[in-house]
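**Q** Numbering (this note's numbering), first residue to last: 5 to 338.
Positions of the beta carbon are idealized from the N, C-alpha and C atoms, including for glycine.
Predicted model, so just to flag it, every value in this text is computed and none were measured.
Shown below is the structure under consideration.
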Ligand SMILES: [Zn+2]
């Protein structure tokens, strides 16, 4: 078969697997996958089955896996201007719902978090992505790069030591015409190292606790002497500040409690953070949040007060990891 020979020659001779000639116009080489039909291929390339069929001189419409077929690109789409950038073949799109995390997506689709990052290497945070954001779900681990010229593609293949054949297999749309504009190319098996490093630093910043209020520390974390031979354990720090001073969230999170506490906390706010840790803000004169509310770091949760078991206006600030109090002074950024 002439076409098959033509395509293979192109694959073997250089790292370019695009074919273009004046008579036939530009076309992409498509390596068929198991289970793929001409109908699916036509849909992916947004052209008709007839157009593929006649470009390849097919006798019938049955195709085999690993068959190289020619997809007439320019003719079929009527020019490249109308074609919107498309995710690579086999990718799904997922719209982030309320409360959904990247690890939820990973288990839902049976892939690693790293694979999700590889498909979405430009996300700005691992934990604070907005509801409604569209994320790409890849069929396997790898990295999506956006390029806009064949030279750039050659450079990428060279950098990662990938064979053009492997790339043809993993991508539906590749033609010289398309590469004059931004195009997503999937590089299977490539680790998104730069994104992972950047996102780890972002996460570190996002997980830093800030002072909910400034003032004077009147009671430290640990056992404290109550006089007359008695002592108790204080699982927090007390920060004295003027009545009515705004108290800010030490970290972003969700309000899980915002009312009076019978346990001596007075007016109490609890925030759960995305890693499961919890902060508590006690003795408030006024609560400014409601349960279920998402709160950003430094947003006001309430005002300094002296409600509950308290001898004067102060904030009792508690941090709990795995439901065990830890010394806030070890975690607060200075
Ligand atoms: Zn206290």
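With the cut-off set at 8 Å, would you say residue 305 and residue 252 are in Cβ contact?
**A** The count along the chain shown starts at 1 and reaches residue 305 at position 301. The count along the chain shown starts at 1 and reaches residue 252 at position 248. Closer than 8 Å, so yes.
**Q** Run through DSSP, which three-state label would residue 40 get?
**A** As a working mapping, residue 40 is identified with position 36 in the chain shown. Here residue 40 sits in coil by DSSP.
**Q** Would you kindly report the start and end of the unbroken beta strand (DSSP E) that includes residue 250?
**A** The residue given as residue 250 occupies position 246 in the chain shown. Residues 250-252.
**Q** Is residue 218 buried or exposed, if buried means 16 or more other CB atoms sit within 10 Å of its CB?
**A** One-based indexing of the chain shown puts residue 218 at position 214. Exposed: under 16 other Cβ atoms inside 10 Å.
**Q** Between the region 101-112 and the region 130-139, can you find at least three pairs of beta-carbon atoms closer than 8 Å?
**A** They touch, by the three-pair rule.
**Q** With distance defined between alpha-carbon atoms, name the residue in 259, 95, 227, 278 nearest to residue 298.
**A** In the chain shown, residue 298 corresponds to position 294, counting from 1. If we check each option's Cα against that of residue 298, 259 comes out closest.
**Q** Quick one: what's got a C-beta closer than 7 Å to residue 337's C-beta in the same chain, skipping five residues either side?
**A** Walking along the chain shown from the start, residue 337 turns up at place 333. 212, 213, 214, listed in sequence order.
**Q** Pick from 224, 233, 146: whose alpha carbon is nearest that of residue 198?
**A** Residue mapping note: residue 198 aligns to position 194 of the chain shown, counting from 1. With distances taken between Cα atoms, residue 198 lies closest to 146.
**Q** For residue 223, is the beta carbon positioned less than 7 Å from some heavy atom of ligand 1?
**A** Counting from 1 along the chain shown, the entry for residue 223 is found at position 219. Yes, since a heavy atom of ligand 1 falls inside the 7 Å radius drawn around the Cβ of residue 223.
**Q** Nearer than 7 Å: is that true of the beta carbon of residue 331 relative to any heavy atom of ligand 1?
**A** On the chain shown, position 327 is the one that residue 331 refers to. No, ligand 1 has no heavy atom inside 7 Å of this Cβ.
**Q** May I ask which residues mark the beginning and end of the alpha helix (DSSP H) holding residue 170?
**A** Within the chain shown, residue 170 is the residue found at index 166, counting from 1. Run containing residue 170: 168-174, per the alpha helix (DSSP H) assignment.
**Q** With DSSP run on the structure shown, which of helix, strand or coil describes residue 202?
**A** The count along the chain shown starts at 1 and reaches residue 202 at position 198. Reduced to three states, the DSSP call for residue 202 is helix.
**Q** Tell me whether residue 302, by its Cβ, gets closer than 7 Å to a heavy atom of ligand 1.
**A** One-based indexing of the chain shown puts residue 302 at position 298. Not under cutoff, so the answer is no.
**Q** Say the cut is 7 Å; is the CB of residue 123 nearer than that to a heavy atom of ligand 1?
**A** Numbered from 1 along the chain shown, position 119 holds the residue referred to as residue 123. Incorrect: residue 123 has no Cβ contact closer than 7 Å to ligand 1.
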